[in-house]
Amino acid sequence: MENRFEFLDREHAELMASLRKLSRSGKKTGASVTDLLAVLEPHFAKEERLVMPMLFLANRLAEGEHVKMDSVPGAAHEIEAEYSIMFNEHARIRELAAYARAAAEKEINSNAAETLDWLSHHAEIEEAIVYPLALLAAKLAKFTV
Ligand SMILES: [Fe+2]
Ligand SMILES: [Fe+2]
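Numbering-wise (this note's numbering), the sequence shown opens with residue 1 and increments by one.
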């Protein structure tokens, strides 16, 4: 089965490229985006390691594929412990993004403001859909595999 969640990896790459560019733009917006990146980079890396493999597993389970134990990603055993931590990371990311967003507005940097809004939307989708789906797949794997 193809991995239908590759667009999320692409979105991470695109967000990261835009934010890194903004961080080099100087002024207060650039400095506050640099602070944001310090938290965001390890957070994205964690999602790519723990969350993305669970989404592919969710697709396979949903479509009735017989998933063998040795093909369940190791992330299935880690995601439960990391679940609330990732929400806490989002809270910190939101704080830093709001700070950068305010600086962008003050400096009339609409490109920065749009990128930061995109990041907020990304986090909302993760909290409402992506994280719960990933956790459900990990839990379900325990019962069905
Ligand atoms: Fe993400
Ligand atoms: Fe996230």
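For glycine and all other residues, C-beta sits at the position ideal for the given N, C-alpha and C.
Computed from a predicted model, the values in this text were never measured in an experiment.
Test item: CB-CB of residue i and residue j under 8 Å
{"i": "H122", "j": "L19", "result": "no"}
{"i": "E89", "j": "H43", "result": "yes"}
{"i": "R101", "j": "L116", "result": "yes"}
{"i": "F5", "j": "F56", "result": "yes"}
{"i": "T34", "j": "A112", "result": "no"}
{"i": "A138", "j": "L61", "result": "no"}
{"i": "I79", "j": "L50", "result": "yes"}
{"i": "V39", "j": "L119", "result": "no"}
{"i": "A31", "j": "P53", "result": "no"}
{"i": "H9", "j": "E41", "result": "Position check: residue 9 holds Asp in this sequence, whereas His was assumed. In this structure, E41 does not lie closer than 8 Å to D9 by Cβ."}
{"i": "K142", "j": "M86", "result": "no"}
{"i": "E114", "j": "K27", "result": "no"}
{"i": "A134", "j": "A58", "result": "yes"}
{"i": "E65", "j": "M1", "result": "yes"}
Residue i, DSSP secondary structure in three states
{"i": "M172", "result": "As displayed, the chain neither begins before 1 nor continues past 145, which places residue 172 out of reach and without an answer."}
{"i": "P132", "result": "helix"}
{"i": "V72", "result": "coil"}
{"i": "G30", "result": "helix"}
{"i": "M86", "result": "helix"}
{"i": "V39", "result": "helix"}
{"i": "H77", "result": "helix"}
{"i": "E48", "result": "helix"}
{"i": "E65", "result": "coil"}
{"i": "E107", "result": "coil"}
Limits of the alpha helix (DSSP H) - the one that residue i falls within
{"i": "F7", "result": "E6 to S23"}
{"i": "N3", "result": "Here N3 belongs to no alpha helix (DSSP H), and DSSP marks it neither H nor E."}
{"i": "H147", "result": "Any answer about residue 147 is impossible in this case: the structure gives the chain only from 1 up to 145."}
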